[in-house]
Amino acid sequence: MAFRSRLSALCLALALTAAQAARTAVVLESPELQKTHSKFFKLLEARGHELSFFAGEEEQPLELEHFGERTYENLVLFTPQKALGSLRKSDLLQFVEEGGNVLLSASKKLTKVQREFALECGVEFEKKGNVVLDHVNPIADDDDIYNSVVAAKDFVASGAL
């Protein structure tokens, strides 16, 4: 009888664990990113993620751990130019070491914490200001002086061209 009750309790605990949605914290550089990246967030929700958004303006700061337990299974960092508030490199590394997943977006203006965290995970970003350019599919950017597109309208009608 005791075996049966223990087995039932174990099955119930496993069912509750499996039914729980993956808790995902999303840290945004600005609240507008929630609108511009809505397809990505809807895809995550469709896959069973319970999203919590943070933009650094909340009264309650993001806590990856509460009383020794992880509060999130996943962390999405869409903050390439913004400091992560109270989060330090050691906090992010501990989160990963305890089985958490991190998606870090990058730009040419990564913070020191993000750069060092990525390096600890085996991803090395070049010095500040370096970028990867796509000359085939350039993105219009007023600050871009290296990847300009000059479109000519007056072509010579020639079979060689």
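Under mature numbering (1 follows the signal peptide of the UniProt record, and there is no 0), the residues of the sequence shown are numbered -21 to -1, 1 to 140, in order. Ideal Cβ placement from N, Cα and C applies to all residues, glycine included.
key: Burial state of A4, where buried means 16 or more other Cβ atoms lie within 10 Å   = Stepping through the sequence shown from its first residue, residue 4 is reached at position 25. Within a 10 Å sphere around the beta-carbon of A4 sit 16 or more other beta-carbons, which makes this residue buried.
query = If we call anything under 9 Å between Cβ atoms a contact, is D92 one with N53?
reply = In the sequence shown, counting from the first residue as 1, residue 92 sits at position 113. In the sequence shown, counting from the first residue as 1, residue 53 sits at position 74. A quick correction: the sequence has Val, not Asp, at residue 92. No, they are not a contact pair.
ask   = Can you tell me the Cα-Cα spacing of K87 and G138, whole angstroms?
value = Within the sequence shown, the letter at position 108 stands for residue 87. Within the sequence shown, the letter at position 159 stands for residue 138. About 43 Å.
message = Measuring only the C-alpha atoms, how far is A136 from V111?
response = Here residue 136 corresponds to residue number 157 of the sequence shown, with the count starting at 1. Here residue 111 corresponds to residue number 132 of the sequence shown, with the count starting at 1. Taking the straight line joining both Cα atoms gives about 35 Å.
key: Reduced DSSP secondary structure (H/G/I, E/B, other) of M(-21)   = For the purposes of this step, residue -21 is identified with residue 1 of the sequence shown, where counting begins at 1. Because M(-21) carries a pLDDT of 49, less than 50, the predicted location of this residue cannot be relied on, and the following value inherits that uncertainty. In this structure, M(-21) counts as coil in the three-state DSSP scheme.
key: Neighbourhood of R94 by C-beta, 7 Å cutoff - its chain only, sequence neighbours within 5 removed   = One-based indexing of the sequence shown puts residue 94 at position 115. Contacts found: F104.
query = What's the C-alpha gap between G106 and L83?
reply = Here residue 106 corresponds to residue number 127 of the sequence shown, with the count starting at 1. Here residue 83 corresponds to residue number 104 of the sequence shown, with the count starting at 1. This sequence places Lys at residue 106; Gly is not what is there. So the two alpha carbons sit approximately 17 Å from each other.
message = Here's a check: name, in chain order, each residue in its chain whose Cβ is nearer than 6 Å to the Cβ of S31, leaving out the five neighbours to either side.
response = Residue numbering aside, residue 31 sits at position 52 when the sequence shown is read from its first letter. Closer than 6 Å at Cβ, skipping near neighbours: A4.
A(-9) (DSSP reduced to helix, strand or coil) = For this step, residue -9 is matched to residue 13 along the sequence shown. Since pLDDT at A(-9) reaches only 43, below the 50 mark, its modelled position is unreliable, and the value read off the structure follows with that caveat. Note: A(-9) maps to helix in three-state DSSP.
message = Would V6 and L56 qualify as a contact pair, given that the criterion is a beta-carbon distance under 9 Å?
response = Reading the sequence shown from its first residue, position 27 is the one you call residue 6. Reading the sequence shown from its first residue, position 77 is the one you call residue 56. Against a cut-off of 9 Å, the Cβ pair of L56 and V6 comes out as a contact.
task = Report back the beta-carbon spacing between L72 and E99 to the nearest angstrom; my notes put them in contact at under 8 Å.
result = For the purposes of this step, residue 72 is identified with residue 93 of the sequence shown, where counting begins at 1. For the purposes of this step, residue 99 is identified with residue 120 of the sequence shown, where counting begins at 1. Contact flag correct, Cβ pair sits at about 6 Å.
request  = Can you grab the Cα-Cα spacing for the pair G79 / E42, in whole Å?
outcome  = Numbered from 1 along the sequence shown, position 100 holds the residue referred to as residue 79. Numbered from 1 along the sequence shown, position 63 holds the residue referred to as residue 42. C-alpha separation (whole angstroms): 13 Å.
task = Return the bridge partner residues of F32 from the DSSP annotation.
result = Counting from 1 along the sequence shown, the entry for residue 32 is found at position 53. DSSP output for F32 lists V5 as bridge partner(s).
request  = Between the Cα of Y28 and those of P40, S69, A1, spot the shortest distance and give me the residue it belongs to.
outcome  = Here residue 28 refers to the residue found at position 49 when the sequence shown is read from its first residue. Per the sequence shown, residue 28 should be read as His rather than Tyr. The candidate whose alpha carbon is nearest that of H28 is A1.
inquiry  = Less than 9 Å between the beta carbons of P10 and A25, yes or no?
reply    = By one-based count along the sequence shown, residue 10 stands at place 31. By one-based count along the sequence shown, residue 25 stands at place 46. No; because the gap between Cβ atoms is not below 9 Å, this pair is not in contact.
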